[in-house]
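Residue numbers (the working numbering), protein chains in the order written: chain A, 463 to 879; chain B, 2 to 334; chain C, 142 to 329.
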Amino acid sequence: MLKQIEGSKAVAEAVALCRPEVICAYPISPQTHIVEALGEMVKSQRLSPCEYINVESEFAAMSVSIGASAAGARAYTATASQGLLFMTEAVYNAAGLGLPIVMTVANRAIGAPINIWNDHSDSLSQRDSGWMQLFAENNQEAVDLHIQAFRLAEELSMPIMVCMDGYILTHAFERVDIPSQEEVDAYLPPFEPRQVLDPSEPITIGAMVGPEAFMEVKYLAHAKQMQAIERIPELASEFRSVFGRENGGLVRTYRVEDAETVIVAMGSVIGTIKDVVDEMRDEGHRIGVLTIVSYRPFPLEQVRSALLHCKRFLVLEKSLAVGMGGILATDVRMAVTGAGLMGYTAIAGLGGRPIFKSQLHPLFRQAEKEELPPVTFLDLDWEAVNRQLERERQTRRSGPVAENILHDKGIVSAKFG
Amino acid sequence: MGFQPIKFYQTGTYTVGNRLLSPDQRSVQADEARSNSINSGHRACQGCGEALGARYAIDAAMAESHGQLIAVNATGCLEVFSTPYPESSWQVPWIHSVFGNAPAVATGIAAAMKVKGRTDVRVVAQGGDGGTTDIGFGCLSGMFERNDDVLYICYDNEAYMNTGVQRSSATPPAARTATTMPVGPEPGNPFGQGKNLPEIAMAHGIPYVATATVADLRDLEYKVRRAMRMHGARYIHLFVPCPLGWGTASHDTIRIARLAKESGLFPVFEAEHGEVTSVLKIRRKVGVEEYLLPQKRFAHLFGSHPHPEMVSRIQEIAERNIRKYGLLDEEAA
Amino acid sequence: MFQVRIHGRGGQGVVTAAEMLSIAAFEEGRHAQAFPSFGSERTGAPVVAFCRISDREIRTREPIVEADAVIIQDPTLLHQIAVFAGLKPEGYVLLNSRHSLEELGLGEFADAHEKGHFFSLPATEIGIRHIGRPIPNIPLLAGFAALSGLIRLESVIGAINARFKGKVASGNIAAAEEAYRLVKEASC
């Protein structure tokens, strides 16, 4: 059913349709609306049977999910930013134990300085945790990815993060087609665990594994994600046949046929990029877009074949590998090793810095002319940066960086409040 | 040889020998009905108090739940010595996640059982003092506060033994550990304010809190079974000497545990909904020296450079416990 | 694509107004995208929310720079924030005030824009009269429908019914109808 609905509410509806049996809730912006909506559904018994647990921390949220999943229940939680970091030990543990938990990450920056706005630093910090990570371009895709995620997670017995841009998607009201219970039931079978804590058949889960077997266990986690490379497109096409919509998959291309320049990105910024690409196409530029939907597993082959026919690509990413450059860009460059393409990285939108079309136009044109440095920081205030660097040269006790920058920029409140 | 009457306290231990009890009261290691939840062949040290305590606690929980039990384990000695790859001592469904989350994992299992209508299946979570009073404290408090249907058992051996005997918040004053060495003017662990987990558990108002020692296994079994007959969050704090960490003889584990109780340093009691309901009285009061002396971790209090002032401070702690919990009968005092 | 920016203060229902505008547009079968300024603003702090309305799928996620309309829920913001930034020459301005544009010192500014596109509406008073609370957002939405002709009053009422129930809904509908009528009559 088509609804004009907030992204978080839409995701809560989708999760509820997946019949989760245990939901762990801990508030952290910008994820909170999702678990609030689910809480109301459980309390009103619209979602039943389901245990909704208000835990005392994100660490507990993931830990309770681990227990529930190991006992054979379909488990769900949601988090963001500091919350994801706070639960990190349990995040790795869930993947190591092979428990198919689904978690929404409402992507948000990581402090310090504390910042509640969107970028991709949080889930990307969990790149190697063993969790799969699927990125939504819009709220319809966020809904659809959750349904696909439960199916994929349980098939492979591995956990999945569904990543959606905090605020930009979670708090946006837009048109979303919420599927029916019948459709979801037809697509998502009941959870049949590979391992379950059951007194009638006692097993030990989580034993210590020494050097003699640890490599094999870890390799199998990798092998699962390689299987996911096969299954993700199949599940997306099966999804299309049930729901009549195309969402998910490993990668998507937009106007890349004959494109000489391809912009590579993940998440909601794809929408803005597509608008810019359309405008540039109208002016005769041969430019296209490659959307990474599945960040983990990373579809090396699909990325390579999507880029192989272009001359250059620009990875625009909302994350920064401090001391190195791009995080996503590293993977993309790995995919096209030896292909002889020019590759550029643009770090943009950190901590919720808006990304305007008016900034993307010149950036893409510079990429087209191969005039960009290897790494560009979009909309960086060099004056403020240089002033701080100078201050640090001048005096030993230069004080806290964040406060100095705020002072220099004279920010009381942003231009529009 | 003629008839030799058996004296009740013939061994001088003030315990009742098994053979003096009627068969139904006897504690039998190798009873056919025993579930042997933690089977033989594990890698615990000789005289490990935790292995003994866990065996009795989990078997009692198994008996009371008619075999419908799931166990959770925090990282620690018990977890490591019971599951050396590729073997497991556990004959119950058992899960280990990480160090600090056993109470939360247990909450998840209890929730799963509830949602599936398996109310017959019960959940026990267990951890050492480090996993309980330190790193798992937040999760434990959350589980208590929500009154989740979990029995949590803390095996308290008063330090991080798994990592090589480092101080925890359950380490007693003056004790030597690898991070509180017996050097300097105030050797050993500082006299802090302590962190009384049973009382903290009681402050949550949960249905049942009890303490026990491995010196009285029947009392432990009774308390586990009692706890298992209740629902909601329950907590048992079990005193388990560690020969390796404490520097005691392997054959002295039971004796040391008994001395902890008889000295008043470890009060043994039960509490319901935040109120103490029963106390195991001291049968023959001993001074703390009798408890401290056999333990190498307290050796620096005695010997050539003794610290009698520290011993008396420890005695004060014992006296405070005795007053607070009423551990002495009028006549025994 | 028609882009609306709504300024107000925390507690005035700024974000709700943008969301309801998007619902009203959705009821007319159009695409709409509403989003807040993503702050952690508390009650009384300046808040801004956005709404895009289009007949095609809306893909862009940038904040609204060029506004086709600006709704100002609190006139004290005029001196605090560049509320008219990016307003198109043919853009609409709807301001919550008992005072006329001239009294607010906006006469000249309004004259420089398209005639009949600026309006001052006593939305707080309408809110108090019908809902018993000084919440101006719904009267302003209805006023905006009348001023711009972008959406119909029925769609605003539809959005009200989608959001509220019982007396709150009927009070809001009465407030919307009065505001709509006021603006319509004045522009005739």
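Quick reminder that beta carbons are idealized off the backbone N, C-alpha and C, glycines included.
Residue span of the beta strand (DSSP E) that contains residue i, given as start and end
i: Asn37(B); result: From DSSP, Asn37(B) is part of no beta strand (DSSP E); its letter is neither H nor E.
i: Cys243(B); result: Counting along the chain, Cys243(B) falls outside any beta strand (DSSP E), and DSSP gives it neither H nor E.
i: Asn516(A); result: 513-516
i: Pro199(B); result: That residue, Pro199(B), is in no beta strand (DSSP E); its alpha helix (DSSP H) goes 198-204.
i: Phe176(C); result: 172-177
i: Ile578(A); result: Note, Ile578(A): premise wrong, no beta strand (DSSP E); not H, not E.
Alpha carbon of residue i to alpha carbon of residue j, nearest angstrom
i: Thr254(B); j: Ala552(A); result: 35 Å
i: Pro186(B); j: Val312(B); result: 14 Å
i: Glu854(A); j: Ser860(A); result: 6 Å
i: Val624(A); j: Arg707(A); result: 18 Å
i: His97(B); j: Gln221(C); result: 58 Å
i: Lys877(A); j: Ala223(C); result: Its pLDDT being 44, under 50, Lys877(A) is placed unreliably by the model, and the measurement read from it follows with that caveat. Answer to the nearest angstrom: the Cα atoms are 7 Å apart.
i: Gly545(A); j: Gly814(A); result: 18 Å
i: Ala300(C); j: Phe167(C); result: 9 Å
i: Asn577(A); j: Ile213(C); result: 28 Å
i: Pro94(B); j: Lys819(A); result: 57 Å
i: Pro497(A); j: Gly131(B); result: Here the sequence assigns Val to residue 497(A), which means Pro is not the residue at that position. Whole-angstrom Cα-Cα distance: 32 Å.
i: Arg481(A); j: Leu509(A); result: 7 Å
i: Asp25(B); j: Gly529(A); result: 38 Å
i: Gly312(C); j: Ile272(C); result: 5 Å
i: Leu141(B); j: Asn197(B); result: 14 Å
i: Ile467(A); j: Val638(A); result: 7 Å
i: Ala333(B); j: Ala216(B); result: With a pLDDT of 49 at Ala333(B), under the threshold of 50, the modelled position of that residue is not reliable, and no figure is offered here.
i: Ala533(A); j: Val73(B); result: 11 Å
i: Gly185(C); j: Gln153(C); result: 8 Å
i: Glu845(A); j: Arg536(A); result: 52 Å
i: Asp627(A); j: His582(A); result: 8 Å
i: Val874(A); j: Ile71(B); result: The pLDDT assigned to Val874(A) is 49, lower than 50, so where the model puts this residue is not dependable, and the model offers no usable value.
Residue i Cβ short of 7 Å to the ligand PLP heavy atom set
i: Glu722(A); result: Inclusion of the ligand PLP in the displayed structure is not the case, the ligand content being empty and no account of it being possible.
Residue i versus the options, residue with shortest Cα-Cα distance
i: Ile279(C); options: Val309(C), Gly290(C), Phe260(C); result: Val309(C)
i: Ala768(A); options: Leu782(A), Val784(A), Ile749(A), Arg758(A); result: Ile749(A)
i: Met796(A); options: Phe839(A), Tyr488(A), Gln821(A), Val765(A); result: Val765(A)
i: Leu291(C); options: Pro275(C), Glu249(C), Glu207(C), Tyr233(C); result: Tyr233(C)
i: Val704(A); options: Val724(A), Glu722(A), Asp647(A); result: Asp647(A)
i: Glu520(A); options: Gln595(A), Arg508(A), Cys486(A); result: Cys486(A)
i: Gln610(A); options: Val794(A), Gly711(A), Ala685(A); result: Gly711(A)
i: Asn190(B); options: Ala261(B), Ala300(B), Glu88(B); result: Ala300(B)
i: Ser279(B); options: Pro268(B), Lys286(B), Val289(B), Cys155(B); result: Pro268(B)
i: Ala111(B); options: Phe100(B), Pro104(B), Val124(B), Gly118(B); result: Val124(B)
i: Val211(C); options: Gly149(C), Arg270(C), Ile276(C), Leu323(C); result: Gly149(C)
i: Thr201(C); options: Leu776(A), Val731(A), Val794(A), Pro835(A); result: Val731(A)
Identified DSSP bridge partners for residue i
i: Tyr806(A); result: Leu776(A)
i: Cys625(A); result: Val567(A), Phe597(A)
i: His238(B); result: Cys155(B), Thr212(B)
i: Cys78(B); result: For Cys78(B), which the question treats as bridged, DSSP gives no partner whatsoever.
i: Pro85(B); result: Met670(A)
i: Tyr161(B); result: Gln167(B)
For residue i, the first and last residue of its enclosing alpha helix (DSSP H)
i: Gly307(C); result: 307-328
i: Ser525(A); result: 520-532
i: Leu221(B); result: 218-229
i: Gly128(B); result: Gly128(B) -> not in any alpha helix (DSSP H); beta strand (DSSP E) instead, spanning 123-129.
i: Thr539(A); result: Careful: Thr539(A) lies outside any alpha helix (DSSP H), inside the beta strand (DSSP E) at 537-541.
i: Gln47(B); result: Note, Gln47(B): premise wrong, no alpha helix (DSSP H); not H, not E.
i: Gln850(A); result: 844-856
- [ ] Pull out every residue of the segment 154-167 of chain C whose Cβ sits closer than 7 Å to any Cβ of chain A, in chain order.
- [x] Glu160, Ser163, Ile164, Phe167
Open item on the list: Output needed in chain order: residues of the segment 729-740 of chain A with a Cβ under 7 Å from some Cβ in chain C.
Closed with: Ser730, Val731, Gly733, Thr734, Lys736, Asp737
TODO: Report the residues of the segment 514-527 of chain A with a CB closer than 7 Å to any CB of chain D, ordered along the chain.
DONE: Judged by its chain identifiers, the structure shown contains no chain D, and its protein chains are A, B and C.
- [ ] Scan the segment 669-700 of chain A for residues whose Cβ lies nearer than 8 Å to a Cβ of chain B and list them as they occur along the chain.
- [x] Ala669, Met670, Val671, Gly672, Glu674, Ala675
- [ ] Taking a Cβ distance cut-off of 8 Å, strictly less, list which residues of the segment 816-836 of chain A are near chain C, in chain order.
- [x] Pro816, Ile817, Phe818, Lys819, Ser820
TODO: Taking a Cβ distance cut-off of 9 Å, strictly less, list which residues of the segment 633-648 of chain A are near chain C, in chain order.
DONE: His633, Ala634, Phe635, Glu636, Arg637
TODO: Would you list, in chain order, the members of the segment 554-566 of chain A that have their beta-carbon closer than 9 Å to a beta-carbon of chain B?
DONE: Tyr554, Asn555, Ala556, Leu559
Task: Where the segment 79-95 of chain B meets chain A: residues whose CB sits under 9 Å from a CB there - done: Glu80, Val81, Ser83, Thr84, Pro85, Tyr86, Pro87, Glu88, Ser89, Ser90, Trp91, Gln92, Val93, Pro94, Trp95
Task: Near-chain C residues of the segment 616-631 of chain A (beta-carbon distance less than 7 Å), N- to C-terminal order - done: Tyr629, Ile630
- [ ] Could you please tell me which residues of the segment 463-482 of chain A, in chain order, have their CB closer than 8 Å to any CB of chain B?
- [x] none
Open item on the list: By the 8 Å beta-carbon criterion, what residues does the segment 199-213 of chain C contribute toward chain A?
Closed with: Ile199, Arg200, Thr201, Arg202, Glu203, Pro204, Val206
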